[in-house]
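Numbering (my numbering), first residue to last: 702 to 802.
In structure tokens, the structure reads:
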């Protein structure tokens, strides 16, 4: 996680999180290696946020960009292929406008 003040009422923040994505079977149980299901996929999520405080409205506005990257897997041949094809680019990018009151 990293944070930087841009001005008195503005700052940005960035964080990176790793996720393990697994499938669920019909009964809601996690499937994966050894359970007859598919292997997990490892993803890295990078979120960058710019926060702006509006003192007149006593409100904080935030613009976020979240990007998902697939990481190589030793267990899942499909995840390895997806990682190779992505060539380090995000596989999903989303933008959010958030208002904290």
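Quick reminder that beta carbons are idealized off the backbone N, C-alpha and C, glycines included.
What are the start and end residues of the alpha helix (DSSP H) that includes residue i?
i, result
"residue 758", "Taken as a continuous stretch (DSSP letters only), residue 758 belongs to no alpha helix (DSSP H), as it is neither H nor E."
Quick check on the burial criterion: 16 or more other C-beta atoms within 10 angstroms. Buried or exposed for residue i?
i, result
"residue 708", "exposed"
"residue 808", "This structure leaves residue 808 out entirely; the chain is present only between 702 and 802."
Which of the three DSSP states is assigned to residue i in this structure?
i, result
"residue 744", "strand"
"residue 792", "coil"
"residue 787", "helix"
Compare the C-beta of residue i against all C-beta atoms of chain D and say whether one is closer than 8 Å.
i, result
"residue 712", "Among the protein chains of the structure shown there is no chain D, as only one such chain exists."
Take residue i and list the residues in its own chain whose beta-carbon comes closer than 6 Å to its own, dropping the five residues that flank it on each side.
i, result
"residue 751", "713, 764"
"residue 796", "766"
"residue 783", "771"
Which value, in whole angstroms, describes the spacing of the CA atoms of residue i and residue j?
i, j, result
"residue 753", "residue 774", "39 Å"
"residue 762", "residue 711", "10 Å"
"residue 776", "residue 760", "46 Å"
"residue 802", "residue 749", "20 Å"
"residue 771", "residue 757", "42 Å"
"residue 791", "residue 780", "14 Å"
"residue 786", "residue 719", "20 Å"
Go through its chain and collect everything with a Cβ distance to residue i's Cβ below 7 Å, but skip five positions before and after it.
i, result
"residue 706", "712"
"residue 769", "744, 746, 791, 792, 793"
"residue 800", "760, 762"
"residue 778", "none"
Could you please give the first and the last residue of the uninterrupted beta strand (DSSP E) stretch that includes residue i?
i, result
"residue 715", "711-722"
Cutting at 8 Å between CB atoms, please list the residues of its own chain near residue i, excluding the five before and the five after it.
i, result
"residue 755", "710, 761, 762"
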